[in-house]
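Asker: Quick note: the sequence shown uses numbering that gives the first Met the number 0, first residue 0, plus one each step.
C-beta atoms are modelled at their ideal positions from N, C-alpha and C, and glycine is treated no differently.
A single structure is presented below for examination.
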Amino acid sequence: MKKVLLAFVLLLVVAIGVLFMQKYLKTKTFSLFNKNSTATINNHTFKLIIASSQKEREVGLSETKSLPQDQGMIFLFEKPDYYSFWMKNMTFPIDIIYINKDEIVTIQSNVQPPKNSESPVIYTSEKPSDKVLEITSGLSEKYSFKKGDKVKYENLSN
């Protein structure tokens with residue numbers, strides 16, 4: 000009986016260790032619980048889905064059916080540059096907000112997914128950016144976001 004209990008405890012310790020290691024490899028933190036990352040523009044706060052790896056950037060929101068109005072996906076880049084985005088495999092329109100040094104540099108509003116036979120349009124920024132925020136279409140206009148607006152973050156690392 001003691002051997003079975005000991006084996007169970009060891010198995011449990013190994014399983015918890017694997018969970019911590021998977022979490023660490025993905026987020027570089029040892030916490031099992033995600034702190035909510037947010038971005039705030041003009042007193043409007045968005046809970047963030049973070050796309051920091053190349054794979055996450057490639058997929059983006061294309062596997063998502065919709066985006067709640069209080070959420071957004073943020074793409075983090077190592078350095079400011081002219082990053083291109085398209086709506087391949089997207090099913091709903093979005094606003095694309097290019098950000099450099101916590102300031103909006105370009106807004107692409109009401110970006111539509113391509114129709115069946117259309118080639119996806121490629122969108123880019125007017126100036127280099129180090130972050131790109133995708134939110135529900137129309138919110139940039141609704142909240143009067145504009146170039147030069149400051150973006151504040153919580154629990155975000157680049």
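#1: Using only CA atoms, which one of Ser-52, Glu-133, Asn-115, His-43 lies nearest to Asn-109?
#2: Per DSSP, Glu-102 is paired with what?
#3: Could you say which of Lys-1, Lys-64, Trp-85, Thr-39 lies nearest to Arg-56 if we only look at CA atoms?
#4: Leu-9 by DSSP, collapsed to three states: which one?
#5: Asp-80 bridges to which residues according to DSSP?
#6: From which residue to which residue does the beta strand (DSSP E) around Lys-46 run?
#7: In angstroms with no decimal places, state the Cα-to-Cα distance between Tyr-81 and Val-13.
Answerer: Reading it off the structure:
#1: Residue mapping note: residue 109 aligns to position 110 of the sequence shown, counting from 1. When each option's Cα is compared against that of Asn-109, the closest is Glu-133.
#2: Here residue 102 corresponds to residue number 103 of the sequence shown, with the count starting at 1. Note: Glu-102 sits in a beta bridge opposite Asn-99, Lys-149.
#3: To locate residue 56, count along the sequence shown from 1; it is residue 57. It is Trp-85.
#4: Taking the sequence shown and counting its residues from 1, the one referred to as residue 9 is at position 10. DSSP places Leu-9 in helix when its eight states are reduced to three.
#5: Taking the sequence shown and counting its residues from 1, the one referred to as residue 80 is at position 81. Partner(s): Ser-128.
#6: In the sequence shown, the residue the question calls residue 46 occupies position 47. It spans 43 to 50 - the beta strand (DSSP E) in which Lys-46 sits, taken as one unbroken run.
#7: Here residue 81 refers to the residue found at position 82 of the sequence shown. Here residue 13 refers to the residue found at position 14 of the sequence shown. Each residue's alpha carbon lies about 44 Å from the other.
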